[in-house]
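J.: One line per chain: the protein sequences are X and U, in this order.
Residues in the first sequence are numbered consecutively from 5, following the numbering used here.
Residues in the second sequence are numbered consecutively from 23, following the numbering used here.
Where is the CB? At the ideal position from N, CA and C, for every residue including glycine.
Because the structure is a prediction, the values reported are computed rather than measured.
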Amino acid sequence: GAVVSQHPSWVICKSGTSVKIECRSLDFQATTMFWYRQFPKQSLMLMATSNEGSKATYEQGVEKDKFLINHASLTLSTLTVTSAHPEDSSFYICSASWTGLSKEQYFGPGTRLTVT
Amino acid sequence: RKEVEQDPGPFNVPEGATVAFNCTYSNSASQSFFWYRQDCRKEPKLLMSVYSSGNEDGRFTAQLNRASQYISLLIRDSKLSDSATYLCVVNGRNAGNMLTFGGGTRLMVKP
């Protein structure tokens with residue numbers, strides 16, 4: 005099946021710093037990548053949808069200037085959490101899909117961010 | 023009202039039991055339906071797609087009722103390894119590849 009990787013898998017940073025998370029599709033070209041956030045005991049919440057070569061579409065309530073998304077190629081998207089605060093601590097998961105009949109998304113293993 | 027609703031559980035069942043989860047969705051134009059499984063601190067993994075005619079994959083059976091806008095998942099002969107959170111997921115018409123996740127139903131299978 006399709007494989008998606010994320011890096012790093014775990015990061016601790018100090019309040020006020022920025023953190024970049026990479027999401028890569030390893031064996032397919034992802035026309036669309038999605039970024040989710042999941043707080044403990046809650047479901048995944050979509051943050052933004054990113055199509056290669058165009059600006060990301062953010063969900064309501066997600067600050068685009070705080071969560072910078074770049075999707076420069078069909079195999080790589082990055083999420084940068086700028087000026088991170090403790091309330092940004094969460095599990096960030098990306099997924100990737102390609103245009104086609106199937107609506108399946110393939111998920112990366114997630115990145116656990118802790119802001120101290 | 024949430025777009026996709028599930029009973030959060032937990033469902034505590036003994037090994038070998040049969041357990042069923044239901045899920046309701048609000049968008050009648052939804053086109054694609056899935057069950058994902060998520061283990062603690064891991065990413066969701068596709069368990070199975072749900073087709074209008076119903077479909078089965080080993081011990082797992084999924085059903086879709088478009089008229090009532092609900093989806094079900096039946097697990098027969100539960101194994102300890104089935105313990106996880108099961109996510110009901112829906113893709114709406116004209117939503118591209120965007121998925122909407124339910125809150126998940128937690129299953130705990132005990133010896």
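Tell me, which residues are paired with U:Y73 by DSSP?
T.: Beta-bridge pairing links U:Y73 to no other residue.
J.: Contact criterion: CB-CB distance below 9 Å. Does U:M120 meet it with respect to chain X?
T.: Judged by the 9 Å Cβ criterion, U:M120 is in contact with chain X.
J.: Contact criterion: CB-CB distance below 9 Å. Does X:F111 meet it with respect to chain U?
T.: Answer yes: the Cβ-Cβ gap between X:F111 and chain U drops below 9 Å somewhere.
J.: Determine, using beta-carbon pairs with one atom in the region 37 to 48 of chain U and one in the region 49 to 59 of chain X, whether at least three such pairs fall under 8 Å.
T.: No, the region 37 to 48 of chain U is not in contact with the region 49 to 59 of chain X.
J.: What are the residues that DSSP puts in a beta bridge with U:L109?
T.: BP columns for U:L109 point to U:Y58.
J.: Can you give me the Cβ contacts of X:H89 inside the same chain, cut-off strictly under 7 Å, excluding the 5 residues immediately before and after it?
T.: For X:H89, where only same-chain residues beyond five positions count, the Cβ hits under 7 Å are S19, V119.
J.: Ordered along the chain, which non-local residues of its own chain (more than five positions away) have a Cβ less than 8 Å from that of X:F71?
T.: If we look at X:F71 and ignore the five residues flanking it on each side, its Cβ neighbours are W39, M51, A52, Y62, L83, T84, V85, T86.
J.: Report the three-state DSSP secondary structure of U:D79 (helix, strand or coil).
T.: Note: U:D79 maps to strand in three-state DSSP.
J.: When we look at the beta-carbon of U:F56 and count the other beta-carbons within 10 Å, is it buried (16 or more) or exposed?
T.: It counts as buried.
J.: Compute the distance between the beta-carbons of U:F82 and U:L68, then report whether it is under 9 Å.
T.: No. Outside cutoff.
J.: Would you mind reading off the limits of the beta strand (DSSP E) that contains X:N74?
T.: Start and end: 71 to 77.
J.: Quick one: Cα of U:V111 to Cα of U:S74, how far?
T.: So the alpha carbons of these two residues sit roughly 15 Å apart.
J.: What whole-angstrom Cβ distance do X:F111 and U:E65 have, given they're in contact under 8 Å?
T.: So it is a contact: roughly 4 Å between Cβ atoms.
J.: Does X:E108 pass the burial test, meaning 16 or more other C-beta atoms within 10 Å, or should it be called exposed?
T.: Classification for X:E108: buried.
J.: Does any CB atom of chain X fall closer than 9 Å to the CB of U:G31?
T.: It does not: the Cβ of U:G31 has no partner Cβ on chain X nearer than 9 Å.
J.: I'd like the list of long-range same chain contacts for U:K101, defined as Cβ closer than 7 Å, with 5 residues on each side in sequence excluded.
T.: Once the five neighbours on either side are set aside, the close Cβ partners of U:K101 are E37, V131.
J.: Hey, would you say the C-beta of U:F82 is under 8 Å away from at least one heavy atom of the ligand SAM?
T.: Within the structure as shown, the ligand SAM is missing, as the structure has no ligands at all.
J.: Can you give me the C-alpha to C-alpha distance between U:D61 and U:S103, rounded to a whole angstrom?
T.: In a straight line, the C-alpha of U:D61 is about 10 Å away from that of U:S103.
J.: Go ahead and label U:S50 buried or exposed: buried means 16 or more other beta carbons lie within 10 angstroms of its beta carbon, across all protein chains shown.
T.: When all chains shown are included, U:S50 counts as exposed.
J.: Using the C-alpha atoms, what's the distance from X:H75 back to U:C45?
T.: Straight-line Cα distance between these residues: approximately 33 Å.
J.: Beta-carbon of U:F123 versus every beta-carbon of chain X: anything under 9 Å?
T.: Yes, U:F123 lies at the interface with chain X (some Cβ there is under 9 Å from its Cβ).
J.: Check the C-beta distance from X:V8 over to X:C98 and give it rounded, since I have them as a contact under 8 Å.
T.: Yes, they are in contact, since the Cβ atoms of X:V8 and X:C98 sit about 7 Å apart, within 8 Å.
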